[in-house]
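To start, the structure under review is shown below, and the notes come after it.
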Amino acid sequence: GESVGLHLPTLSVQEGDNSIINCAYSNSASDYFIWYKQESGKGPQFIIDIRSNMDKRQGQRVTVLLNKTVKHLSLQIAATQPGDSAVYFCAVSGGTYKYIFGTGTRLKVLA
Amino acid sequence: GAVVSQHPSWVICKSGTSVKIECRSLDFQATTMFWYRQFPKQSLMLMATSNEGSKATYEQGVEKDKFLINHASLTLSTLTVTSAHPEDSSFYICSAWDRPNEKLFFGSGTQLSVL
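Protein chains in written order, with the numbering used here: chain C, 239 to 349; chain H, 4 to 118.
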């Protein structure tokens with residue numbers, strides 16, 4: 239079955255530095271990957287997505303990298319800001335419209 | 004981007020009562036919606052898939068008689084927690100599939116506290 243995990247439960251980053259959040263998945267047939275940001279008491283907010291026919295996609299201050307060979311996904315946040323503090327989840331397609339969520343990484347931005 | 008509205012954002016109820024949570028897609032039609040449960044400091048756990056005009060598909064271990072799902076229109080799905088008990092207290096989140104754009108959007112969540 240599908241399993242999704244994150245390498246680090248908590249990541250502390252100095253304000254202005256770059257953040258890298260990692261995610262591993264097990265199903266080689268997964269073809270769609272999404273990163274979500276969840277602030278306390280709120281629903282997940284879409285950040286960026288990538289399909290399996292790509293290995294990199296960039297947004298505003300964020301970049302998602304996909305390595306299908308090792309089934310690894312990462313989210314890079316440039317110039318991390320206090321407003322980036324949240325829990326970040328990766329989600330991997332586990333079937334028709336269904337997504338399996340990783341355990342989450344809490345990003346703490348230090349002033 | 005697409006907006007999914009979830010209401011109420013928080014609710015406190017007495018044990019034994021039923022609570023209804025609404026999930027609406029505001030600017031797109033969603034034939035498929037999902038309901039999740041999230042415990043503190045944990046990830047989202049998929050409870051069920053809600054399909055417009057048909058019965059919901061529940062994940063293993065989720066009591067369908069306990070968590071009633073109705074998806075009567077293309078923009079509205081409801082989750083009713085029947086005969087709620089303190090162990091049902093949790094953060095419930097819905098999501099809606101925006102088919103044309105192939106994206107999944109989430110509601111803001113409902114914090115349920117059963118006394």
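Note that the Cβ used here is the ideal one computed from N, Cα and C, for glycine as well.
Quick one: is residue 25 of chain H near chain C, going by C-beta distance under 9 angstroms? no
| Residues near residue 25 of chain H in its chain [Cβ-Cβ closer than 6 angstroms; skip 5 each side] | 10, 81
Let's test the definition: count the other Cβ atoms within 10 Å of the Cβ of residue 40 of chain H and tell me whether it reaches 16, buried, or not, exposed. buried
Notebook entry, point to check: Buried or exposed: where does residue 239 of chain C fall if 16 or more other Cβ atoms within 10 Å of its Cβ makes it buried?
Noted result: Note that residue 239 of chain C has pLDDT 38, beneath the 50 cutoff, so the model's placement of it is unreliable and the number below is only indicative. Result: exposed.
| What's the gap between the Cα of residue 51 of chain H and the Cα of residue 342 of chain C? | 21 angstroms
- Query: Cβ of residue 356 of chain C within 9 angstroms of Cβ of residue 325 of chain C?
  - Reply: Since the first and last residues shown for chain C are 239 and 349, residue 356 of chain C lies out of range.
Any heavy atom of the ligand GTP closer than 8 angstroms to the Cβ of residue 264 of chain C?
The model on display carries no ligand, and the ligand GTP is accordingly not part of it.
Could you check the C-alpha separation between residue 13 of chain H and residue 67 of chain H for me, to the nearest Å?
22 angstroms
(request) Taking all protein chains shown into account, decide if residue 87 of chain H is buried (16 or more other Cβ within 10 angstroms of its Cβ) or exposed. (result) buried
ask   = How about residue 265 of chain C and residue 309 of chain C: are their beta carbons less than 9 angstroms apart?
value = yes
- Query: Would a check of beta-carbon distances place residue 96 of chain H closer than 9 angstroms to chain C?
  - Reply: yes
> Who are residue 324 of chain C's beta bridge partners in DSSP?
Replying inline: C:345
Could you give the distance in angstroms between the alpha-carbon of residue 279 of chain C and the alpha-carbon of residue 45 of chain H?
-> 12 angstroms
Q | Endpoints, the beta strand (DSSP E) within which residue 75 of chain H is located | A | 70-76
Tell me which residues share the same chain as residue 244 of chain C and place their Cβ nearer than 6 angstroms to its Cβ, disregarding the 5 neighbours each side in the sequence. Because residue 244 of chain C carries a pLDDT of 45, less than 50, the predicted location of this residue cannot be relied on, and no value is offered for it.
Does any CB atom of chain C fall closer than 9 angstroms to the CB of residue 65 of chain H? no
Could you tell me how far apart the beta carbons of residue 79 of chain H and residue 62 of chain H are, in whole angstroms, since I believe they sit closer than 8 angstroms?
-> No, residue 79 of chain H and residue 62 of chain H are not in contact; Cβ-Cβ is about 21 angstroms, not under 8 angstroms.
* Give a yes or no on whether the C-beta atoms belonging to residue 96 of chain H and residue 29 of chain H are separated by under 9 angstroms. => no
Neighbourhood of residue 118 of chain H by C-beta distance below 6 angstroms, restricted to the same chain and skipping five residues each side
17
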